[in-house]
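Heads up: the structure comes next, in structure tokens.
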Amino acid sequence: MKARDAAELVRLPAVLTIPGDSLAGGAAAGWPYGKRGWAMPAASACFYLAGMALNDYADRELDAVERPERPIPSGRVRPGEALALASGLTGAGLGIAAAVGGRAALRIAVPVAAAAWTYDLVAKDTPAGPAVMASARGLDVLLGAGGRPRRAVLPACAVAGHTLGVTTLSRGEVHGGSRRSGMAALATTASAATAAVVAALPGRHTGRRAGRAAALGRSRHAAVTGPACATRHGAAATGRVDAARRVTAATAAFAATYVGTVGRAQARAARNPDAATVRTATGAGVRGVIGLQAALVAGTGAIGLAAGLLAAGPVARLASKVVSPT
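Heads up, this note's numbering is the position in the sequence shown plus 700, with the first residue counted as 1.
Printed below as a string of structure tokens:
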């Protein structure tokens, strides 16, 4: 199997859309793996690439009719090679997850891998298919959260919702879709963007209670130490408020970018759901999740990391001109 054929088999450019899953989960959970957590996106990437190879293995007979140019039906890749690659990448993903987070990580990594294999081999053409794929991506976010999955529930739901809409819409890539699927995808995009902004709002959990306690503490402290110290505490509180506003504004900007790129394409597919328009919208959805991931990461205060994630978007678009991501 040639490298170029392998890249086409696994739809290599699309792998740039994966690291943001576990990074969003890790950021929401307070980076539970420490420095080792930076390796977790590699596990996610292995699972994704394995799923892509397994997808073509499972679809080899259908692709012989609908997409004869794909690597397996064209004879450039043997079915056994695709299956072996999928198995090897899955094993690599599990190994990386175990090395990074031990048993806690494996408790999530194994379901991620199982969901990917279930989708490709069993559920893809059933009504449950989009939900199974969405669960795989949602679990991938939780993979980054380690032993603190509750902290990453909202980001996981946002990514899962996005995936549900894109996967449902993608069913019309060959023969065309329906306006209903286009509208449903657009609705999930709007919901995911809203969830990202809500997650960034100050005081979403305990912030209001903490703010009242801090204010009471400052007033008591001022009574003991005098107005000068109280002024310093007031300035610090103002700085925290300003920082929170910057985080919310940055998150909203990233979310708007996400809606602008993904939502516009989906709106066109809702108006005119022919196969070509649906394929374009599906590609935009596959690549555009990076904007959602950036918004989720920015909501935790890691604005620089979010900007770095978003920079992968143009790279993915350029690479997709060489190798299709869908």
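We put the beta carbon where it would ideally sit given N, CA and C, even for glycine.
From a predicted model like this one, the values you see are computed outputs, not experimental measurements.
- Between Ala-809 and Ala-743, the C-beta gap is smaller than 8 Å, which places the two residues in contact.
- Annotation for Gly-876: Pro-973, Asp-974, Ala-975 and Val-978 place their beta carbon closer than 8 Å to its own, counting only its chain and skipping 5 residues before and after.
- Leu-762 is classed as exposed because its beta carbon has fewer than 16 other beta carbons within 10 Å across all chains shown.
- Contact annotation: the segment 850-869 touches the segment 826-839, with at least three C-beta pairs closer than 8 Å.
- The alpha-carbon of Thr-717 is positioned some 8 Å away from that of Gly-1013.
- By the neighbour-count definition (other C-beta atoms within 10 Å, threshold 16), Asp-840 is a buried residue.
- Put simply, of Arg-964, Ala-786, Arg-767 and Ala-728 the residue whose alpha carbon is nearest the alpha carbon of Val-874 is Arg-767.
- Counting other Cβ atoms within 10 Å of its Cβ, Asp-825 stays below 16 and is therefore classed as exposed.
- Annotation for Ile-796: the continuous alpha helix (DSSP H) segment containing it runs 779-818.
- By the neighbour-count criterion, in which a residue is buried when 16 or more other Cβ atoms sit within 10 angstroms of its Cβ, Val-959 is buried.
- Here DSSP, grouped into helix, strand and coil, assigns Asp-974 to coil.
- Of Gly-985, Asp-721, Pro-827 and Val-947, the smallest CA-CA separation from Arg-964 is found for Gly-985.
- When the beta-carbon positions are compared, Pro-855 and Leu-996 come within less than 8 Å of each other.
- Taking every protein chain shown into account, the CB of Ala-949 has fewer than 16 other CB atoms within 10 angstroms, so this residue is exposed.
- Per DSSP, Ile-1003 is one residue of the alpha helix (DSSP H) stretching across 1003-1010.
- Between Lys-735 and Arg-880, the alpha-carbon positions lie close to 44 Å from each other.
- The beta carbon of Leu-749 is closer than 7 Å to those of Val-710, Val-715 and Leu-789 in its chain, skipping five residues each way along the sequence.
- Counting only residues of its own chain and dropping the five nearest sequence neighbours on each side, Ala-805 has a CB closer than 7 Å to the CB of Ala-797, Ala-798, Leu-843 and Gly-846.
- A direct Cα-to-Cα measurement between Leu-869 and Ala-852 gives close to 26 Å.
- DSSP places Tyr-748 in the uninterrupted alpha helix (DSSP H) bounded by 740-758.
- Counting every other CB atom within 10 Å of its CB across the protein chains shown gives Ala-943 a total below 16, marking it as exposed.
- Put simply, the backbone Cα of Ala-758 is about 14 Å away from that of Gly-829.
- Remark: C-beta atoms of Gly-1004 and Thr-957 do not approach each other more closely than 8 Å.
- In chain order, Ala-893, Ala-896, Val-897 and Ala-995 place their CB closer than 7 Å to the CB of Ala-955, counting only its own chain and leaving out the 5 sequence neighbours on each side.
- Approximately 4 Å separates the beta-carbon atoms of Leu-754 and Asp-820; this is inside 8 Å, confirming the contact.
- Secondary structure at Tyr-733: coil, using DSSP grouped into helix, strand and coil.
- About 6 Å separates the Cβ atoms of Arg-770 and Asp-756, confirming a contact at the 8 Å cut-off.
- In the three-state reduction of the DSSP assignment, Thr-826 falls in the coil class.
- Excluding five sequence positions before and after Ala-967, the CB atoms of its chain that fall closer than 7 Å to its own CB belong to Leu-886, given in chain order.
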